[in-house]
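Numbering (our numbering), first residue to last: 5 to 140.
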């Protein structure tokens, strides 16, 4: 029963992750790098122009409401940490991108990068090696 609840929770988080704003993603990237941090720690790692402390605090609480971060309380201070792994978010993002923009086709996605990004021979060789290695 507990496993089912966790799976449902993770599916809910993945649905929510689709709605993260650019600023929320920026905060998540900082938390993934730090692994945990207070609002001041996150603020320290924000690029210029840095948001006001209260603005950042509000954004972090929104991420908590969305279920992608949680916190440990130390008196009135909260140390935040990600509940979603960066790799899980990256996978969801790429799968959604592939579905929306590349007709759910991995070959269309790869073709886009190969043609438009003009990959070097070395990069193409690396891609071929990865494909060969993962053939079933």
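Every residue, glycine too, gets a C-beta built ideally from N, C-alpha and C.
Nothing here was measured: the structure is a model prediction, and the numbers come from that model.
Whole-Å CB distance - residue i paired with residue j, under 8 Å assumed
{"i": "residue 90", "j": "residue 36", "result": "4 Å"}
{"i": "residue 73", "j": "residue 84", "result": "5 Å"}
{"i": "residue 63", "j": "residue 31", "result": "6 Å"}
{"i": "residue 103", "j": "residue 67", "result": "Not a contact, Cβ separation roughly 24 Å."}
Enclosing alpha helix (DSSP H) for residue i [first to last residue]
{"i": "residue 111", "result": "110–120"}
{"i": "residue 42", "result": "Careful: residue 42 lies outside any alpha helix (DSSP H) and carries neither H nor E."}
{"i": "residue 101", "result": "90–105"}
{"i": "residue 137", "result": "125–137"}
Run of the beta strand (DSSP E) containing residue i, from where it starts to where it stops
{"i": "residue 74", "result": "73–78"}
{"i": "residue 56", "result": "Careful: residue 56 lies outside any beta strand (DSSP E) and carries neither H nor E."}
{"i": "residue 81", "result": "81–86"}
Exposed unless 16 or more other CB atoms sit within 10 angstroms - verdict on residue i
{"i": "residue 41", "result": "buried"}
{"i": "residue 93", "result": "buried"}
{"i": "residue 24", "result": "buried"}
{"i": "residue 128", "result": "exposed"}
Proximity test, Cβ basis, 9 Å: residue i and chain D
{"i": "residue 79", "result": "Absence of chain D from the displayed structure is noted, only one protein chain being present."}
Neighbourhood of residue i by C-beta, 8 Å cutoff - its chain only, sequence neighbours within 5 removed
{"i": "residue 46", "result": "31, 34, 35, 38, 60, 64 and 84"}
{"i": "residue 43", "result": "57, 60, 61, 64, 82 and 84"}
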